Amino acid sequence: VSAGWLELQSASCSRGIRFVRRPKVILPDRSAVASRLKNQFGAVPPAAQPLSSLPASDRALLVSRINVSTVLATTTIVQAIIKVASNESLSVDAPNTTEPAVVLSDLGNVAAAVVQVVAPSQAAAELNLTLPTKTYASSVLKIDRMASDGSVVSHEPIVFTLYTTDLSLQVMAVLVFSDGSTQAQDIRNQGGTVTRLVPGAFNVTMTHTSTFVGYVPNCTDGELNGDETGLDCGGSCQPCPSPSPSPSSSTSVAAAAVLSSAPNANPWT
Numbered sequence: 021v022s023a024g025w026l027e028l029q030s031a032s033c034s035r036g037i038r039f040v041r042r043p044k045v046i047l048p049d050r051s052a053v054a055s056r057l058k059n060q061f062g063a064v065p066p067a068a069q070p071l072s073s074l075p076a077s078d079r080a081l082l083v084s085r086i087n088v089s090t091v092l093a094t095t096t097i098v099q100a101i102i103k104v105a106s107n108e109s110l111s112v113d114a115p116n117t118t119e120p121a122v123v124l125s126d127l128g129n130v131a132a133a134v135v136q137v138v139a140p141s142q143a144a145a146e147l148n149l150t151l152p153t154k155t156y157a158s159s160v161l162k163i164d165r166m167a168s169d170g171s172v173v174s175h176e177p178i179v180f181t182l183y184t185t186d187l188s189l190q191v192m193a194v195l196v197f198s199d200g201s202t203q204a205q206d207i208r209n210q211g212g213t214v215t216r217l218v219p220g221a222f223n224v225t226m227t228h229t230s231t232f233v234g235y236v237p238n239c240t241d242g243e244l245n246g247d248e249t250g251l252d253c254g255g256s257c258q259p260c261p262s263p264s265p266s267p268s269s270s271t272s273v274a275a276a277a278v279l280s281s282a283p284n285a286n287p288w289t
């Protein structure tokens, strides 16, 4: 387990937040996961579709049967069925490893959540999601949330920590696929933030439920991302150019210069 994970665990405990890491139940394939979900919860949350595609009666049944958070996994996907507690941070591992992919520190005012974690290389196969060409730095994280009656809760603030194995990474950008969309936007354009906490761990805040993935921004991609303050400039990139003076101010400066350089510039003498 990474040193960053242990450091965040200690910090959470010091604030009175219980840090939980549920053991994964390893299953051979997706059909075995679906069978286990059906037997335990009476319904199978869809992997490649929004949770809203599940009938309302099935969602209500699912929430009513979540007495404790459960984590199921194959070699390519981890699925967590979560009973949300306000004083609990839940760690979910990346597939096929014991390293954490995410710590869910605040899922908002909801009763339950369904969280799926896959490697970027498995996003198309497991989530029917085609990622744009980028250098990815974290697992893909799909989050759905529900109220106690099973209704889907989307627009509720959420806070979590994304992990990367690149401990030298200073700036991470995050792509967001909102409400089942296959079109990605940078999280900053959706009202979210990304902040480096410790090596390998980045705190993410967001205003609504989405699918998320961290990537390495660069200063030549033609996008406003990472810690840039302008398009491909500012922050870790080269400084942004100074704004050009407006025509009116340029005229005023030029006129003042001519006036001050003329002999007897004072019109009253």
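Take the sequence shown: its position 252, counted from the start at 1, is 272 in this note's numbering, and no numbers get skipped.
Where is the CB? At the ideal position from N, CA and C, for every residue including glycine.
Predicted model only: the values in this text are computed from it and were never measured.
- The shortest CA-to-CA distance from residue 82 to any of 247, 176, 139 and 167 is the one to 167.
- In this structure, the straight-line span from the alpha carbon of residue 159 to that of residue 263 is close to 39 Å.
- If you draw a straight line from the Cα of residue 176 to the Cα of residue 127, it is about 8 Å long.
- In this structure, residue 196 lies near residue 230, with their beta-carbon atoms less than 7 Å apart.
- It is roughly 8 Å from the alpha-carbon of residue 62 to the alpha-carbon of residue 85.
- Leaving aside the five residues that flank residue 94 on each side, the residues in its chain whose CB is nearer than 8 Å to its CB run, in chain order, 46, 47, 48, 49, 50, 52, 53 and 115.
- Each of 91, 119, 169 and 207 was checked against the Cα of residue 76, and the nearest Cα belongs to 169.
- Look at residue 113 here: in three-state DSSP terms it is strand.
- For residue 120, the three-state secondary structure derived from DSSP is strand.
- Shortest Cα-Cα distance from residue 184 to any of 149, 155, 97 and 147 involves 155.
- Apart from sequence neighbours up to five positions away, the residues of its chain that approach residue 87 with a beta-carbon distance below 7 Å are 103, ordered along the chain.
- Contact check for residue 204 against residue 152 passes: the beta carbons are separated by less than 7 Å.
- In terms of Cα proximity to residue 110, the closest of 174, 134 and 97 is 134.
- When 124, 208 and 254 are compared, the shortest CA-CA separation from residue 89 is found for 124.
- With respect to residue 137, residue 121 sits close: the two C-beta atoms are nearer than 7 Å.
- The C-alpha of residue 148 is placed about 15 Å away from the C-alpha of residue 73.
- Between residue 255 and residue 249, the CB-CB gap stays under 7 Å.
- Looking at the backbone, the Cα of residue 150 and that of residue 143 are separated by about 7 Å.
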